[in-house]
Each structure stands twice: as structure tokens, then as C-alpha cells.
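Step one of this worksheet: look at the structure below.
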Amino acid sequence: MQEPPETNESHSSPPSRQAQAERPVGRPENDGAQSPQSDYSTMATLAFFTLMGSCLIVLMVAMVNNFTVHHKQADAVDNAALLAAHELSQVTVDHSSFGQVGLCDLPADRFSPTGVRQGRVISLGSLYETLRIDSEIAKKLGQKSMLSMAEHDTSLAHKVETELAQRLRQAVEVDTAPTSVPQSTGSNSEQDNTVYRDVYRAISSDREAQAATSVELKIYLGRGTNPIFTREETRLVSTADFVRTDSGAAPYLVLVEAHYEGHAKGSSQPQRYVKRACALIGAPTVEAPPSAFIINFPQGIPPQFASAHDILFNKQWTSKGDWQQAVGSRVPGKGSLAPPLDPVMPSMQPGDAMAVGLYHWLRSAGSAIDPDLAVELIHSKWDLNSLSNTADRKDLDMTDSAEQTSTIVNSCLARDTGAREYSIMNQTGPSSVGQIALSRAFAVFDQSTQPNAGPAYPPTALPLFVDAQGKCNLAGRKGFNTALIKSFLYDIHDTNIAATTSLAMAKQFLNQSSNALSQTEQRIIIERQELASVTSRLARMTDEASKRRKPVSDSGAEADDPKRIMILAQDRTEALRAQIANDEQQRANLRDTHNRATQAIYNATKAASATYELCEHAFKSCRDGIYQIDTAHRAYLIGKKFVFVAHNEPLCENDFFAATQDAAANKNKSEDEEPKSPWFSRNMEIMAPVDAFIGNHAEDAKAEGKSLKALLQEKPVEQIFHQGMIVLDSRSITRTATTTPACHGYKQYAFSNIAIPSGQLLYYCQNAIESGDSPKVSWSMLLRDLVATRSNASDIGATGNPIPSEERSWCNESEHGPCPGLACELQLRCPLPVLNDFSEDTYLKEPGINTQVPQIPPVPADML
4 MQEPPETNES
14 HSSPPSRQAQ
24 AERPVGRPEN
34 DGAQSPQSDY
44 STMATLAFFT
54 LMGSCLIVLM
64 VAMVNNFTVH
74 HKQADAVDNA
84 ALLAAHELSQ
94 VTVDHSSFGQ
104 VGLCDLPADR
114 FSPTGVRQGR
124 VISLGSLYET
134 LRIDSEIAKK
144 LGQKSMLSMA
154 EHDTSLAHKV
164 ETELAQRLRQ
174 AVEVDTAPTS
184 VPQSTGSNSE
194 QDNTVYRDVY
204 RAISSDREAQ
214 AATSVELKIY
224 LGRGTNPIFT
234 REETRLVSTA
244 DFVRTDSGAA
254 PYLVLVEAHY
264 EGHAKGSSQP
274 QRYVKRACAL
284 IGAPTVEAPP
294 SAFIINFPQG
304 IPPQFASAHD
314 ILFNKQWTSK
324 GDWQQAVGSR
334 VPGKGSLAPP
344 LDPVMPSMQP
354 GDAMAVGLYH
364 WLRSAGSAID
374 PDLAVELIHS
384 KWDLNSLSNT
394 ADRKDLDMTD
404 SAEQTSTIVN
414 SCLARDTGAR
424 EYSIMNQTGP
434 SSVGQIALSR
444 AFAVFDQSTQ
454 PNAGPAYPPT
464 ALPLFVDAQG
474 KCNLAGRKGF
484 NTALIKSFLY
494 DIHDTNIAAT
504 TSLAMAKQFL
514 NQSSNALSQT
524 EQRIIIERQE
534 LASVTSRLAR
544 MTDEASKRRK
554 PVSDSGAEAD
564 DPKRIMILAQ
574 DRTEALRAQI
584 ANDEQQRANL
594 RDTHNRATQA
604 IYNATKAASA
614 TYELCEHAFK
624 SCRDGIYQID
634 TAHRAYLIGK
644 KFVFVAHNEP
654 LCENDFFAAT
664 QDAAANKNKS
674 EDEEPKSPWF
684 SRNMEIMAPV
694 DAFIGNHAED
704 AKAEGKSLKA
714 LLQEKPVEQI
724 FHQGMIVLDS
734 RSITRTATTT
744 PACHGYKQYA
754 FSNIAIPSGQ
764 LLYYCQNAIE
774 SGDSPKVSWS
784 MLLRDLVATR
794 SNASDIGATG
804 NPIPSEERSW
814 CNESEHGPCP
824 GLACELQLRC
834 PLPVLNDFSE
844 DTYLKEPGIN
854 TQVPQIPPVP
864 ADML
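Anchor point for the sequence shown: position 162 equals 165 in the numbering used here, and the numbering is continuous, going up by one each time.
This is how it looks when you write it as C-alpha cells:
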């Protein structure tokens, strides 16, 4: 500010004392009139004060104007720094395991400028914290596989951070031409140096920048002199706290520096101004959605397991399984399964496979997990009270509703041929056998919108029940009586073979007897005609002899001696009658043989059909038990409804000959008397209702030492097992959880109709573990991991997040918030007896339609 100018006005010297003394006292100077010198002084004083006031006003206006201009410049730069921080918070890197990674947590269901729906973004801080927590959990559990995966992911996170730092620096580069960044984990074509352009556009639109001759923008990225741990929002920070960094570590501060250049009024020298503002790149923390790790037991729980820890550290696994990955689209659906490429998953034991799924579940749960609570949840024992065997039968077998009884079936007598494993490894295209198997295992709806729940047991297999101790029982009764089952199967098979053989033998005798009978009938007719002719001539000769005339031959010559001729005629007559009698006896025998063959054909056909149908529908008909009846012929009570009588001896030629001889020796034998061979019987018992069987036999008919009537009145055998799903809920292990973590059991399956999205993993081990003894029971393990990878490039949008259930309120929402979505599901399923002492290649034939069925069928490919 310029100093006020000096006045040019001169002041006179004061008057002398002599002059003052000469003036009269009490009389004004100049006699009452002002002098010219006094007027000039007054005017000078007034002018001085006026000038000073004007200068003060000009100074105040200049100061206010200068303050306002500088304040507007500071606001523009501050806003530009906040804008840069906001846009940098949107810069992300896509990774196949972590999904979108940025500096800040961002919620899901956002949309990019091009309209593409974005998934949830996890911040680097949350990612590192999550991996640290997972590593701590692995150490507390002593799980080396999980610890190795956490260390591997931490190494990947460092690479992602380096790439993100490069992407951020690229976003604030001065060069406005887009430059590509080498990327190993993904790309975002929208994230070049748009941040620099947007910030420059915001600053250049300010009035001060428009008044300047030039504006230069520089944006720097860095970190704080002291670590800033609270990054819940984007805010301005002091520029003194900024430290520029170009290392691989991701920055979290952005410094905007604006250089203004212009000309001051009245000056030819350029005036330069530099304005700086620093902002923290932050955003509120976005918690991971609640997720669930499901341990599902569709057909019961093996006795070895009472907690997730038991499965994780079990040492009795019997084989290894393989991983597959959904490619192209979801499975079941338009996609298929193939060996995983990223990450590469080798064959491993089921416990290690569970560790993989458990680790991915914990990783998806985010950084809110309390490690101690997580370890406590994994060790916690399951409450099995809610999983008692009150299960609906439709969840355990696929029998028709009309055939359902109180008997529970969760296994069958079948032989394992490896078809299940082959279908999962090689037949998983759309509508293939493998996809049908997965639809049944995970209750995915088919095209008719009907759920394929439960395994499809072979209809010819004997139904079995595996109890809570993991022991195999014949359905409807306790225990697995190997001798009884073998005897039953052998008798059915041998009866079918005997019936088939008897049928062929009876048909042979029927054809032979039919031909012989026809020839005998013709011979008897001829012999009777001859007998009639001879008898007629003998009668004529006798009549002529009575008239004492000599007989004359037809040629006119005298006939032979009539006495001799009569004797010959009588001999011939007797011979013919004897021959006719013999032929008639033979005809009677042939008719008996024909009738026996016809009856044998009927019985053999009936026996073959009965045994064939019994085998064909064994799973339904035998579910209420098999009991051996004490009779002359081995017989069996089947399902407490029918009795099967075994006939193992086939019909042979001697049976026909012996029957003919018996018929000849006992001509007076009653027709109701039973023949020696049952195949000739008119009342042959093969398959009869139990009431009719009791009526045909003594009242004290017994089965395995018990009265048959008493056995029928016994209550069904109580079969105890646990079936349902165990839920490990991420909500129960967060740092804000108020209750002790516990695994909750649910009777009903809550995650039906959820397919495996593209990129996610499936594990299958056909023979995972064994239980029981005599025979041992083999269980398979199936695991689907829906959070192994994360991607936005999917036919169903973002994948890799827990998938909510379609059933509303399947869990208690009021206690912990919304129900968790499905992250991973492990199934221990399909208990099957290990067959070592059974003949597996026996078939029963149906002669009428020329088909055959196996007694011990192979396990179908869709029964995982």
C-alpha cells in the first residue's frame, strides 16, 4: 500500500511577544475579522483527513478483494483434491481370486459409466487384514494346507498392490493420451488417465483459472509422514503430512498442485501463484455379506464325525478325490466341468479338500472375523437333536408315494463299477449323466421345475439301512445277515434258472408227446378199421358154416378150408385188439405226458416270471424285511406281505418217465394226489400272499424260530440315524457377535436350485471313508466351492459371492441379521456296502420277453 502523499501547503511562524503585548486586552485580533492565514490552515486539515479516509477505503476494498480471490482459488484446489481422491477410490484391479481390489471398500451393484454392473470391491487394507486373520486361524488350528493358501494369497496380494499402484499413477499422469498397462490379473479399459483429465477440467472451469493466462496442474500420489489408519471417508489433510512415493506400495494420499500465471494490473511482469491441497483417499468400510459353510448329510452322518474339526483332521480317509471347475456357464446348466487351470488343484484327500473350502469361506467372510471365535466354531460339537430320523422318506429314496411305508432306506446292495466317478470327470455337458447326478445331489430343478432330490436307487437292488453307528442293516430288520441274504439271492437265482430249464424241458416233451400222440391216434384208427374188417369177415364165415355150405371165393374157386380161415381170423382179431389196447395205453401215457408238460410249462413260466418280477422290484418289495420260513422247501417271508418258495431242482427226463411209471403202477391213484415233481403240481407254490400260505400250512408255521403269525404282528424295527445339514454361519464369528459360536443343525435343505457358477470348483471322492464292519460301508464326499474365484465376466453377473437361499426365513434372522448365503457345501453321502463275498454277475431272465436283470446291480452314474 502506498503511503499517503505529503501536502505542498507552507505554515507561517508564530507572532513575536512584542506584537502580542501591543494588542489591547480583551479585543480580538484584526478587530473581530479572520485573517487569510487562518483559513488556509483549516482547509489543509480538512483535506488531509479526507485523503486519509479515501486511502483507508481503497485499502479495505483491496484487502477484501484480495482475500475473496485467494479464498476462491483455495476452494477450487481443495475441491479438485477431493474429486481426485474420489475418482482414485474407484480405480480397481481385477483378480481371479480376490475379485475387484482397490484402495477402498465399495458396495456391490454399482454401475460403471458404460452401464456394466460392478461387484463388491475389497480394499487392500481389508484384503491384507482378511489374509492375516485367515493365517492366524490356520496357525491356531495347526492346518498346514490353509496356512499355505494364506501365504500364497498374501504373495498374490502384494502383486495386486503393485499393479494397483501402477494403475493409480497412470490415472494421474499428465499425458492425456491413454496408455496401456501390462496386466496379469485383469484389465479395466475405463481406467487410463481419466482422473488427471477430470481434475484438470474441474480446475480450468474456475473463474480465477479462466482469468489467468495459463494454468498448470500436477498431481502427486503418496503416503503420510505418519500412518493414517482411519480412512472411513475422503477428506482434506495437511499438505505437510504428504510424502511422495513411487514405490510398489499403494498410495492413499493425493496432492493436487495448481500453478496459475497472469499479469497484475499496471504491471508488465507475470504473476505466478501456486495452490496446493492434499486429500485422503477413503470410503466407509463395507462388510462382507454373511456366508455359510454347509456340511450336508443327505443319508446320515458317519460315526467318525461330530464336528468340523473331525472332518478336517481325520486320518482314516481311504482314497483321494479330484477337483473340477465349471466352465462356459453354470453347472447344471449350459456349462460343463473341466480340470481347473487357475488355481491348479491336484488330487487330494477329502480332509485337504475341506480345508480348501473352509479357507475360501473364511476369506469370503472378510476382515470382521474373530480368529478365536472361528477356531471355537470349528471345534464345536454338533447338536444332533434337530437331525433325528424324522426325515421325510422322499428325501431318502425315490419310491412312489403309493409304496411308501414307515421303513427308512438310505442304502442298497449294489456293486461299484466306477461309473459315478467317470460321469463327473467326463460326462458333464448340458443334459448329460453327470449333470443329472449333480442335479440330484444339489436338488437343482430340471426343465419340468421339479427338484431331483435324493439318489436314484436301482430298483433291482436290495434295500439297506445304515444306522447312526455306521453299520449296515437289511431294511426292515436289524443287522446284516450275510448267510440269509446270500441264501435268498441264490434261491431266487436258482429257482429262475430251474424254471427256465424246466420250461425248455417241458416244451421239448410237449412237442414230442404231441407228435407221438398224433401218430398213435392214426395207428389206432387204422388198427380199428382193420379189426372191424376182420371181425366182419369172421362173422360172415361163421354164418356160412352154420348153413353147411362150402364157401366160394370171389374168383369162383372154392375157398380154403373154412375152419382154418376162421382160426386165422380169430387170431388176427385177438392180435388187433391187443395192439389197439397197447396203443390206447400208450396214447393215455402220451396224454398224461402232454398234460404234465403243459402243467410244467405253466408252472415254469409262472416261476420264471415271479422270480424275475421279484428281482426287478426288489427295492420296493423287500423294504420291510426278509425272513426265512421253516418248511420242507426253503421259503422266505418278503416284506411281511408275500411268501416266496424256492424250487431249485429243474425238471428232467426221468421226472416224466417216473411219472409215467407211477401212473401205470397206480391206476387207481386220486387226481388230487400231488406228484413227486413239483413242476407237475396243479398247486405249485412259488409266490403267494402270506395269509394264503398260512392257510395252506400248519398253524404253527415258523420263521427263524418265531411263529409266523407273531412275526407279522411285531412292530417295525426302530431305525435311528441323523440326517440334515450343519451350518457354520459367519455371523456367529464376527468381532461383534454376542453369543458363543455354535454349529446349528437344520432338518430341511435350504439351498436347493443353486447351480455352480462358471469358474467355481467341485470336488468328488467316490470312496472317501468307511464305517461299520461285516460288511464295511463306504461313503462318498462331494464338495462345491462357490467362492473360490470372483469375476464380473459371467453370464449371471458377478460371481464369487455367497448365494442367498430361495427359501425365506429358513434361519433366525432376528438374532444376527439376514440369513447367510451359500459359500461352500460339503456332502458326505451315499453309504454303500463293500461287497467282497457276493457274486456280482448273476442275472435273472424273463423267458416271455427275453430280457434279464441283475440281482446285484451296478451303482448308477447319477447316484454320486
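Even glycine gets a Cβ: it sits at the ideal position worked out from N, Cα and C.
Discussion item. Pull the bridge partners of G748 from the DSSP assignment, please.
Written reply: As a first step, residue 748 must be located in the sequence shown, where it is residue number 745. Looking at the DSSP output, G748 shares a beta bridge with I729.
Discussion item. Please report the distance separating the alpha-carbon of A111 from that of V277.
Written reply: Here residue 111 corresponds to residue number 108 of the sequence shown, with the count starting at 1. Here residue 277 corresponds to residue number 274 of the sequence shown, with the count starting at 1. About 39 Å.
Practice prompt. Indicate the three-state DSSP secondary structure (helix, strand or coil) for Y605 in the structure shown.
Written response: Your numbering for residue 605 matches position 602 in the sequence shown. Looking at Y605 - three-state DSSP - the assignment turns out to be helix.
Item to complete: Would you identify the three-state DSSP class for D419, choosing helix, strand or coil?
Response: Position 416 of the sequence shown holds residue 419. Note: D419 maps to coil in three-state DSSP.
Practice prompt. Rounded to whole angstroms, what's the CA-CA distance from L467 to D355? Just pull it up for me.
Written response: Locating residue 467 in the sequence shown gives position 464, counting from the first residue. Locating residue 355 in the sequence shown gives position 352, counting from the first residue. The straight-line gap from Cα to Cα measures roughly 31 Å.
Discussion item. Let's test the definition: count the other Cβ atoms within 10 Å of the Cβ of K397 and tell me whether it reaches 16, buried, or not, exposed.
Written reply: One-based indexing of the sequence shown puts residue 397 at position 394. In this prediction, K397 has a pLDDT of 47, which is less than 50 and means its spatial position is unreliable; nothing more can be read from the coordinates.
Discussion item. If the criterion is Cβ atoms closer than 8 Å, does the pair E847 and I495 meet it?
Written reply: The residue labelled residue 847 in the question sits at position 844 within the sequence shown. The residue labelled residue 495 in the question sits at position 492 within the sequence shown. The question names Glu, but residue 847 is Leu in the sequence shown. Closer than 8 Å, so yes.
Worksheet item: Going along the chain, which unbroken runs of the alpha helix (DSSP H) with 4 or more residues stay wholly within the stretch 315-390?
Response: As far as the stretch 315-390 is concerned, its whole alpha helix (DSSP H) runs of at least 4 residues are 353-368 and 374-382.
Worksheet item: To the nearest whole angstrom, what separates the beta carbons of D595 and A706, a pair I think is in contact under 8 Å?
Response: In the sequence shown, residue 595 corresponds to position 592, counting from 1. In the sequence shown, residue 706 corresponds to position 703, counting from 1. Wrong, their Cβ atoms sit about 37 Å apart, outside the cutoff.
Worksheet item: Which residue from Y749, L764, G762 and G727 puts its Cα closest to that of E300?
Response: For the purposes of this step, residue 300 is taken as the residue at position 297 of the sequence shown. Before going further, note that residue 300 is Phe rather than Glu in the sequence given. Of the candidates Y749, L764, G762 and G727, the one whose C-alpha sits nearest the C-alpha of F300 is G727.
Item to complete: Just confirm the distance between the C-beta atoms of C822 and S808, as a whole number of angstroms; I'd bet it's less than 8 Å.
Response: The residue given as residue 822 occupies position 819 in the sequence shown. The residue given as residue 808 occupies position 805 in the sequence shown. Confirmed, about 6 Å.
Fill in: Anticipated Cβ contact below 8 Å, L829 with M357, distance rounded
Translated into positions along the sequence shown, residue 829 becomes position 826. Translated into positions along the sequence shown, residue 357 becomes position 354. Indeed they touch by this definition, with Cβ atoms about 6 Å apart.
Worksheet item: When the distance is taken between beta carbons, is P850 closer than 8 Å to A611?
Response: Position 608 of the sequence shown holds residue 611. Position 847 of the sequence shown holds residue 850. With respect to the 8 Å criterion, A611 and P850 are classified as neighbours on the basis of their beta carbons.
Discussion item. Is the beta carbon of Q302 closer than 8 Å to that of K323?
Written reply: The residue given as residue 323 occupies position 320 in the sequence shown. The residue given as residue 302 occupies position 299 in the sequence shown. No, the pair does not count as a contact, with Cβ atoms beyond the cut-off.
Fill in: Local conformation of F841 per DSSP, three classes
The count along the sequence shown starts at 1 and reaches residue 841 at position 838. Looking at F841 - three-state DSSP - the assignment turns out to be coil, as it is neither helix nor strand.
Worksheet entry | Limits of the alpha helix (DSSP H) - the one that L711 falls within | Position 708 of the sequence shown, counted from the first residue, corresponds to residue 711. Judged by DSSP secondary structure, L711 falls within the alpha helix (DSSP H) whose first and last residues are L711 to Q716.
Item to complete: Report yes if the CB atom of G105 is closer than 8 Å to the CB atom of L167, and no otherwise.
Response: Within the sequence shown, the letter at position 102 stands for residue 105. Within the sequence shown, the letter at position 164 stands for residue 167. Yes, the pair counts as a contact, with Cβ atoms nearer than the cut-off.
Worksheet entry | D788 beta carbon less than 8 Å from that of H363 | Here residue 363 is taken as the residue at index 360 of the sequence shown, counted from 1. Here residue 788 is taken as the residue at index 785 of the sequence shown, counted from 1. Pairing H363 with D788 gives a Cβ-Cβ distance under 8 Å.
Worksheet entry | Coarse secondary structure for L144, derived from DSSP in three states | Against the sequence shown, residue 144 aligns to sequence position 141. Here L144 carries a helix assignment [DSSP, helix/strand/coil].
Fill in: Beta-carbon proximity check, V780 vs L831, cutoff 8 Å
One-based indexing of the sequence shown puts residue 780 at position 777. One-based indexing of the sequence shown puts residue 831 at position 828. No, the Cβ-Cβ distance between V780 and L831 is not below 8 Å.
Practice prompt. Identify the continuous beta strand (DSSP E) that holds F445 and give its terminal residues.
Written response: As a first step, residue 445 must be located in the sequence shown, where it is residue number 442. Premise fails: F445 lies in the alpha helix (DSSP H), V436 to F445, not in any beta strand (DSSP E).
Worksheet item: What's the gap between the Cα of S755 and the Cα of Q328?
Response: On the sequence shown, position 752 is the one that residue 755 refers to. On the sequence shown, position 325 is the one that residue 328 refers to. Between S755 and Q328, the C-alpha separation is close to 20 Å.
Worksheet item: Should F660 be labelled buried (16 or more other beta-carbon atoms within 10 Å of its own) or exposed?
Response: By 1-based counting over the sequence shown, the position of residue 660 is 657. F660 is exposed by the Cβ-count criterion.
Practice prompt. Determine the burial state of A753: buried for a count of at least 16 other Cβ atoms within 10 Å of its Cβ, exposed for fewer.
Written response: Sequence index remark: in the sequence shown, residue 753 carries index 750 (1-based). Result: buried.
Worksheet item: Using 8 Å as the Cβ pair cut-off and three pairs as the minimum, do the stretch 426-442 and the stretch 478-485 touch?
Response: No contact exists between the stretch 426-442 and the stretch 478-485.
Item to complete: State buried or exposed for Q173, treating a residue as buried only when at least 16 other CB atoms are found within 10 Å of its CB.
Response: Your numbering for residue 173 matches position 170 in the sequence shown. By the neighbour-count rule (16 or more Cβ atoms within 10 Å), Q173 is buried.
Fill in: Neighbourhood of L134 by C-beta distance below 8 Å, restricted to the same chain and skipping five residues each side
Mapped onto the sequence shown, residue 134 falls at position 131. These residues qualify, in order along the chain: A153, D156, T157, A160 and R366.
Item to complete: Starting from the C-beta of Y766, find all residues in its chain whose C-beta is less than 6 Å away, skip the five residues before and the five after it, and write them out in chain order.
Response: As a working mapping, residue 766 is identified with position 763 in the sequence shown. Taken in chain order, the residues that qualify are G324, W326, A356 and L786.
Practice prompt. Tell me, please, whether the stretch 595-606 touches the stretch 506-524 by the rule of three or more beta-carbon pairs shorter than 8 Å.
Written response: Taking 8 Å as the limit for Cβ pairs, the verdict is that the stretch 506-524 does touch the stretch 595-606.
Worksheet item: Where Q573 and Q582 are concerned, what is the direct C-alpha to C-alpha distance, given to the nearest angstrom?
Response: Here residue 573 corresponds to residue number 570 of the sequence shown, with the count starting at 1. Here residue 582 corresponds to residue number 579 of the sequence shown, with the count starting at 1. Straight through space, the alpha carbons of Q582 and Q573 are spaced by roughly 14 Å.
Item to complete: Output the distance between the C-alpha atoms of L715 and K142, rounded to the nearest integer angstrom.
Response: Here the question's residue 715 lines up with position 712 in the sequence shown. Here the question's residue 142 lines up with position 139 in the sequence shown. Their backbone Cα atoms lie some 59 Å apart in a straight line.
Worksheet item: Cβ of D546 less than 8 Å from any chain D Cβ?
Response: Looking for chain D here will not work: only one protein chain is present.
Discussion item. Threshold first: 4 residues or longer. Then list the alpha helix (DSSP H) segments lying entirely within the stretch 80-109, N to C.
Written reply: Counting whole runs of 4 or more residues, the stretch 80-109 contains no alpha helix (DSSP H) stretch at all.
Worksheet entry | Opposing strand residues paired with Y425 [DSSP bridges] | Taking the sequence shown and counting its residues from 1, one reaches residue 425 at position 422. Y425 is bridged by DSSP to nothing; it lacks a bridge partner.
Practice prompt. Return the Cβ separation of R590 and E656 in integer angstroms, given the expectation that the two are a contact with Cβ distance under 8 Å.
Written response: For the purposes of this step, residue 590 is taken as residue 587 along the sequence shown, with counting starting at 1. For the purposes of this step, residue 656 is taken as residue 653 along the sequence shown, with counting starting at 1. About 20 Å separates the two Cβ atoms, so there is no contact after all.
Fill in: CA nearest to the CA of N815, picked from P335, P681, Q858 and H747
Reading the sequence shown from its first residue, position 812 is the one you call residue 815. Cα-wise, what sits closest to N815 is H747.
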